[in-house]
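If you're matching positions, the sequence shown starts at 1287 in my numbering and goes up one per residue.
Input: a single structure, listed below in structure tokens.
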Amino acid sequence: MDRIFLLIASLSGGLAVALGAFGAHALQDRVTAERLVTWETANRYHFYHTLALLAVAWAVTRLPESGLPVSAGWLMLVGTLIFSGSLYLLVLSGRGWLGAITPIGGLALIAGWLCLALAAWSAR
């Protein structure tokens, strides 16, 4: 499972770089300044949780008896897809209702961090 999260983190990191560059270069003259800030927020959280997935990959090897790091990883992946994904789509499509989905991703990210904390807390 550690290799899966390492692979996911690696692909996510590459995608985050590509989307960051796209936002900085292709969107600058095409969207409002407010939407560009939204894109940057999506990209920042995407990067943070790419790094978190690397920590999850490490935690899976360090705490093999606990399923909590694995749960943390899936929650962070889903949370990133929903949180950052909804914001990326909002900026590209202009559909404001996508912002209503974003907090669901945020809750998944919080749950992922809590699972990781609980795994560390309960480690022996």
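Quick reminder that beta carbons are idealized off the backbone N, C-alpha and C, glycines included.
Taking 6 Å as the limit between beta carbons, can you name the residues of its chain near residue i, skipping five residues before and five after?
i     : result
L1354 : C1401, L1404, A1405
L1340 : A1295
For residue i and residue j, I'd like the C-alpha separation in whole angstroms.
i     : j     : result
L1292 : W1383 : 33 Å
V1317 : L1367 : 22 Å
I1396 : G1306 : 23 Å
G1359 : W1325 : 23 Å
F1333 : A1302 : 6 Å
S1379 : S1372 : 10 Å
L1313 : M1287 : 37 Å
L1361 : G1398 : 5 Å
G1385 : L1322 : 14 Å
L1375 : R1410 : 43 Å
Helix, strand or coil: how does DSSP classify residue i here?
i     : result
A1409 : coil
T1318 : coil
S1352 : coil
I1396 : helix
I1387 : coil
Would you say residue i reaches chain B, if we count a Cβ-Cβ gap shorter than 7 Å as a contact?
i     : result
G1382 : No chain B is present in this structure, which holds just one protein chain.
Hey, quick one: how far does the alpha helix (DSSP H) through residue i stretch, first residue to last?
i     : result
W1383 : Per DSSP, W1383 belongs to no alpha helix (DSSP H) and is neither H nor E.
G1306 : 1288-1311
Could you pull out every residue in the same chain whose Cβ sits closer than 8 Å to the Cβ of residue i, ignoring the five residues on either side in sequence?
i     : result
V1346 : M1287, D1288, F1291, P1355, V1356, G1359
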